[in-house]
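*Asks:* Okay, so the sequence shown: first residue is 14 according to my numbering, each after it adds one. Note that the Cβ used here is the ideal one computed from N, Cα and C, for glycine as well.
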Amino acid sequence: MFFWARYLFPEICYLYEKMKRDFILKQYKILVKMFQQQGYFFVTFKNYMLGAPDGLHSMRHPLVILRHDVDRKPENALVIAKIEKEVGIRASYYFRIVKESYDEDVIRQIVEMGHEIGYHYENLSLCRGNYELSIMNFELDLEKFRKLYPVKTICMHGSPLSKWDNRDLWKRYDYRDYGIIAEPYFDLDFDEVFYLTDTGRRWDGDSVSVRDKVGGQRRKQGDASFLPGMNRMGFLAGTDGRKKKEFKDLRFRYTWEIIEAAERGVLPDKVMINTHPQRWTDNSLEWMKELVWQNIKNLAKKFIVSRKGAKALRRT
Ligand SMILES: [Zn+2]
């Protein structure tokens, strides 16, 4: 950046430099390696739910459940999967059934690397609220995925522009009847697991997220109602009491803030990191497109969230 700007506004320039490098793959690698250095183990969502973290580690170690929602650009997911293999960790990849996400060749390669594959379902919004059709399609889609990997976990796609919340399908049906052991939005205790998501291309995107938010309390199956504008969490640290402290105020906007917090050892013992691989790239044109497009989308989402909030208020 221009020399005089650096001289006159060092703080701003410092921030600019860091932001400029956010959501690139190098940054991602630094992020996961920092957690590793701090003694965190990475587990797939399935293994976490089964109580068997990858490798020979005990659940008492600090751990990261690493999840990727592949909304589009499956080739980016493949790059991330390779990075993870390189540093020796495993993650859960949730693919949608639509053509922007579902890519058998990519899925096969990711399976070969030892990662978990799950279904990023959106049947209710695809079937425009028709429950019978949705559950039939869900079963067929699951079968299709299971030809490539024995899928045991699923995770909803937020479909922010749709009026249907895909989780509502489980108000009428039970995913356990389909051999599914867990869905993060129902089965994870977010009082215990600190949730970090890059939804909205920022790590504090609650205000711009229509559905990807956790309410700070365990949700029971069948209770898929969320109020917009909910706080991300009220949090108590890991079960071994190593860091018994409230983490309510832990909020991050940029990846480097998380890296620094991990380095300082102030992060909880159980963390779920959720990324959308489409926004992580080293290609500057793609990076810029994602930056601009996501900011436009955030504005639209903010509008939807505030309208929903207003409606909810009117109902009370
Ligand atoms: Zn999604």
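1. For Q122 versus R214, is the C-beta distance shorter than 8 Å?
2. With distance defined between alpha-carbon atoms, name the residue in L21, L209, R19, D35 nearest to W269.
3. According to DSSP, L137 sits in a beta bridge with which residue or residues?
4. Let me confirm a value: V100 is counted as buried when at least 16 other C-beta atoms fall within 10 Å, else exposed. Which label applies?
5. Run the proximity test for D187: is its beta-carbon closer than 7 Å to any non-hydrogen atom belonging to ligand 1?
6. Mind checking F199: buried by the 16 CB within 10 Å criterion, or exposed?
7. Could you tell me the alpha carbon to alpha carbon distance between I148 and F108, rounded to whole angstroms?
8. Can you list, in chain order, the residues of its chain whose CB lies under 7 Å from that of Y188, leaving out five sequence neighbours each side?
9. Thinking just about the alpha-carbon of each residue, which of V83, I96, I25, G52 is nearest to the one in A275?
10. For ligand 1, which residues count as neighbours when the test is a C-beta closer than 6 Å to any heavy atom?
11. Go through its chain and collect everything with a Cβ distance to F158's Cβ below 6 Å, but skip five positions before and after it.
12. So, at 6 Å on beta carbons, what are the nonlocal neighbours of R292 in its own chain, with the 5 sequence-adjacent residues on each side left out?
13. Starting from R155, trace the alpha helix (DSSP H) in both directions and tell me its first and last residue.
14. Under 7 Å Cβ to Cβ from C140, same chain only, skipping five residues before and after it: list those, please.
15. Excluding the five sequence neighbours on either side, which residues of its own chain have a C-beta within less than 6 Å of the C-beta of N136, listed in chain order?
16. For ligand 2, I want to know if W269 counts as a neighbour, meaning its beta carbon is within less than 7 Å of at least one of the ligand's heavy atoms.
17. For K314 and S222, which I take to be in contact (beta-carbon distance under 8 Å), what is that distance rounded to the nearest angstrom?
18. Determine the burial state of V206: buried for a count of at least 16 other Cβ atoms within 10 Å of its Cβ, exposed for fewer.
19. Which parts of the stretch 38-69 are runs of the alpha helix (DSSP H), unbroken and 4 residues or longer, counting only runs that do not cross its ends?
20. Could you tell me whether the Cβ atoms of A104 and H128 are closer together than 8 Å?
21. Give me the Cβ distance between D295 and L38, rounded to the nearest whole Å; I'm assuming they're in contact under 8 Å.
22. With 16 as the cutoff for other CB atoms within 10 Å, does P23 come out buried or exposed?
23. On the three-state DSSP scale, how would you describe A104?
24. Please report the straight-line C-alpha distance between I194 and R80, rounded to a whole angstrom.
25. Look at F55 and V83 and say whether their C-beta atoms are less than 8 Å apart.
26. Nearest to K86 by CA position, among L280, N179, Y106, is which residue?
27. What is the residue span of the beta strand (DSSP E) that T288 lies within?
28. Is it right to say I25 is buried, meaning 16 or more other beta carbons lie within 10 angstroms of its own, or is it exposed?
29. D217 and R277: beta carbons closer than 8 Å?
30. Looking only at DSSP bridge pairs, what is V305 linked to?
*Replies:* The short version:
1. Locating residue 122 in the sequence shown gives position 109, counting from the first residue. Locating residue 214 in the sequence shown gives position 201, counting from the first residue. No, these two residues do not count as a Cβ contact at 8 Å.
2. Residue numbering aside, residue 269 sits at position 256 when the sequence shown is read from its first letter. Ranking L21, L209, R19, D35 by Cα distance to W269 puts D35 first.
3. As a first step, residue 137 must be located in the sequence shown, where it is residue number 124. The partner list for L137 (beta bridge, DSSP) is empty, contrary to what the question assumes.
4. The residue you call residue 100 lines up with position 87 of the sequence shown. Classification of V100: exposed, given that the 10 Å Cβ count is below 16.
5. For the purposes of this step, residue 187 is taken as residue 174 along the sequence shown, with counting starting at 1. No.
6. As a first step, residue 199 must be located in the sequence shown, where it is residue number 186. Around the beta carbon of F199, a 10 Å sphere encloses 16 or more other beta carbons of the protein chains shown; the residue is thus reported as buried.
7. Numbered from its first residue, the sequence shown carries residue 148 at position 135. Numbered from its first residue, the sequence shown carries residue 108 at position 95. Spanning the two alpha carbons is a distance of roughly 18 Å.
8. As a first step, residue 188 is located in the sequence shown; it is residue number 175 there, counting from the start. Closer than 7 Å at the Cβ level, and outside the excluded window around Y188, lie I167, E196.
9. Residue 275 sits at position 262 when you count from the first residue of the sequence shown. Closest option to A275, Cα to Cα, is G52.
10. Having a Cβ closer than 6 Å to some heavy atom of ligand 1 are D82, D84, H133, H170, G171.
11. One-based indexing of the sequence shown puts residue 158 at position 145. For F158, the CB contacts under 6 Å within the same chain, skipping 5 residues up- and downstream, are Y132, V164 in chain order.
12. Numbered from its first residue, the sequence shown carries residue 292 at position 279. Correct list, in chain order: F36, R214, E303.
13. Residue 155 sits at position 142 when you count from the first residue of the sequence shown. Note that residue 155 is Leu in the sequence shown, not Arg. Note, L155: alpha helix (DSSP H), 144-159.
14. Your numbering for residue 140 matches position 127 in the sequence shown. Taking C140 as the centre and dropping the five residues before and after it, the same chain places the C-beta of L146, S147, N150 closer than 7 Å to its C-beta, in chain order.
15. As a first step, residue 136 is located in the sequence shown; it is residue number 123 there, counting from the start. Answer for N136: S147, N150, F151, listed in chain order.
16. Although ligand 2 was asked about, the structure shown includes only ligand 1 as ligands.
17. Residue mapping note: residue 314 aligns to position 301 of the sequence shown, counting from 1. Residue mapping note: residue 222 aligns to position 209 of the sequence shown, counting from 1. With a Cβ gap of about 7 Å, K314 and S222 count as contacting.
18. Translated into positions along the sequence shown, residue 206 becomes position 193. Classification for V206: buried.
19. 38-50, 58-63
20. Against the sequence shown, residue 104 aligns to sequence position 91. Against the sequence shown, residue 128 aligns to sequence position 115. Yes, they are a contact pair.
21. On the sequence shown, position 282 is the one that residue 295 refers to. On the sequence shown, position 25 is the one that residue 38 refers to. Taking a contact as a CB-CB distance under 8 Å, the pair D295 and L38 counts as one, their CB atoms being some 5 Å apart.
22. Here residue 23 is taken as the residue at index 10 of the sequence shown, counted from 1. With fewer than 16 Cβ atoms within 10 Å of its Cβ, P23 is classed as exposed.
23. For this step, residue 104 is matched to residue 91 along the sequence shown. The answer is coil: DSSP assigns A104 none of H, G, I, E or B.
24. Working through the sequence shown from its first residue, we reach residue 194 at position 181. Working through the sequence shown from its first residue, we reach residue 80 at position 67. Cα to Cα, I194 sits roughly 16 Å from R80.
25. The count along the sequence shown starts at 1 and reaches residue 55 at position 42. The count along the sequence shown starts at 1 and reaches residue 83 at position 70. No.
26. Residue 86 sits at position 73 when you count from the first residue of the sequence shown. With distances taken between Cα atoms, K86 lies closest to Y106.
27. In the sequence shown, counting from the first residue as 1, residue 288 sits at position 275. Where T288 is concerned, the enclosing beta strand (DSSP E) stretches over 283-288.
28. For the purposes of this step, residue 25 is taken as the residue at position 12 of the sequence shown. An exposed status is given to I25, since fewer than 16 other beta-carbon atoms sit within 10 Å of its beta-carbon.
29. Residue mapping note: residue 217 aligns to position 204 of the sequence shown, counting from 1. Residue mapping note: residue 277 aligns to position 264 of the sequence shown, counting from 1. By the CB criterion at 8 Å, D217 and R277 fall outside the cutoff.
30. Looking up residue 305 in the sequence shown gives position 292. Per DSSP, none; premise fails for V305.
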